[in-house]
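Undergrad: When we follow the UniProt record's numbering, the leftmost residue of the sequence shown carries the number 1, and every step to the right adds one.
Yeah, the Cβ is synthetic: ideal placement off N, Cα and C, and Gly gets one too.
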Amino acid sequence: MLHPLEVVQRAKAAWRGGQAPLAAVEGFVRQIVGWREYVRGIYWANMPGYETRNALGHHAPLPRWFWNGETHMRCLHLAITQSLQTAHAHHIQRLMVIGNFALLAGLEPQALHRWYLGIYIDAFEWVELPNTLGMSQRADGGVIATKPYVSSAAYLQRMGDYCQGCAYDPKQKTGARACPFNALYWDFFERHAPTLQGNRRLALVYRQLQKMSEMQREALRAHAEQLRDRLATL
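(1) Can you find at least 3 beta carbon pairs, one from the region 103–115 and one from the region 155–172, that sit closer than 8 angstroms?
(2) Tell me the rounded alpha-carbon separation between R64 and L231.
(3) Grab me the residues of A87's own chain with a C-beta within less than 7 angstroms of its C-beta, minus the 5 sequence neighbours each way, in chain order.
(4) Would you report the Cα separation of G141 and Y50, rounded to the nearest angstrom?
(5) Whole angstroms are fine: how far does the CA of V127 sit from the CA of F1?
(6) Using the rule of at least 16 other Cβ atoms within 10 Å of the residue's Cβ for burial, across every protein chain shown, is K147 buried or exposed?
(7) Counting only the same chain and skipping the five closest in sequence on each side, list residues whose C-beta sits under 7 angstroms from that of C179.
(8) Would you mind giving the Cβ-Cβ distance between A183 and T174, rounded to the nearest angstrom? I have them listed as a contact below 8 angstroms.
(9) Out of H58, T132, E37, R74, state which residue places its alpha-carbon closest to the alpha-carbon of C163.
(10) With DSSP as the reference, please indicate the residues paired to A60 in a beta bridge.
(11) Excluding the 5 residues preceding and the 5 following A203 in the sequence, name in chain order all residues of the same chain whose CB lies nearer than 6 angstroms to its CB.
(12) Buried or exposed for T71, going by 16 or more other Cβ atoms inside 10 Å?
(13) Here's a check: name, in chain order, each residue in its chain whose Cβ is nearer than 7 angstroms to the Cβ of A14, leaving out the five neighbours to either side.
(14) For A176, count neighbouring Cβ atoms within 10 angstroms of its own Cβ and tell me buried if that reaches 16, exposed if not.
(15) For A183, which three-state DSSP category applies?
(16) Could you name the residues of the same chain whose beta carbon sits closer than 6 angstroms to that of W186, not counting the 5 residues immediately before and after it, in chain order?
(17) Once DSSP output is grouped into helix, strand and coil, what is the label at D229?
(18) Thinking C-alpha only, which one of Y149, L5, G198 is nearest N100?
(19) With DSSP collapsed to three states, give me the class of A154.
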């Protein structure tokens, strides 16, 4: 195995030799000496109990389309199909598409962990487990991340072309054609308000939620419940 220092020194040499731009090398080095070592420390300091944590009490099974990509949500269809075909996906696809939906929908974090570990060619438990349970699913109660990494459809629409040609409308919050990410997003924060509302990084989210009328919140609540009841057909 490569020693982290050896990797960093080679990256620095590439920059000095004009083979790589400074910004790219700096970002890479930060990942090696920063995030990689931090995640490794989390794993060794908290195992074996870390793998059973489920701070938000999510227990829904993975929908069957996690194994064939056959969902009407275009972002998940493309990200999962690519993952199944190539055993690889960009980290944003893993975190903000697949992981985002899993957290909003209340999927069991251990089931998602096993899926990531079995699907991705670069998944080793010591790095995959903390990233999945901590960074992606907040199952560790905030040991790794200071806030849940979730979004509504607006973020997905801004970040790429997933929403083009999708069966769902990213601008609609409720209704048959509304993107499931929207109602699930607001319902997630409402359901977990006792745990998350005091988090200052989420102050804007809760201010927006409080500005909604009770009728709006009830509509989102009801639609989210319907979505969770039929995850297999979304």
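TA: The answer reads as follows:
(1) The region 103–115 is not in contact with the region 155–172.
(2) For R64 and L231, the distance between alpha carbons rounds to 9 angstroms.
(3) Only I119, Y120, I121 meet the Cβ criterion.
(4) Cα to Cα, the separation comes out at about 11 angstroms.
(5) The question names Phe, but residue 1 in the sequence shown is Met. Their backbone Cα atoms lie some 15 angstroms apart in a straight line.
(6) When all chains shown are included, K147 counts as exposed.
(7) Answer for C179: A153, Y168, D169, P170, Q172, listed in chain order.
(8) Cβ-Cβ separation between A183 and T174: approximately 6 angstroms, consistent with a contact (criterion under 8 angstroms).
(9) When only C-alpha atoms are compared, the closest one is R74.
(10) Residue pairing for A60: DSSP places it in a beta bridge opposite L107.
(11) Cβ within range, chain order: n/a, list empty.
(12) T71 should be labelled buried.
(13) Cβ contact annotation for A14 (same chain, cutoff 7 angstroms, sequence separation greater than five): A20, V25, in chain order.
(14) Its Cβ having fewer than 16 others within 10 Å, A176 is exposed.
(15) A183 falls in the helix class under three-state DSSP.
(16) Within the same chain, W186 has close Cβ partners L220.
(17) It is helical.
(18) Cα-wise, what sits closest to N100 is Y149.
(19) Three-state result, A154: helix.
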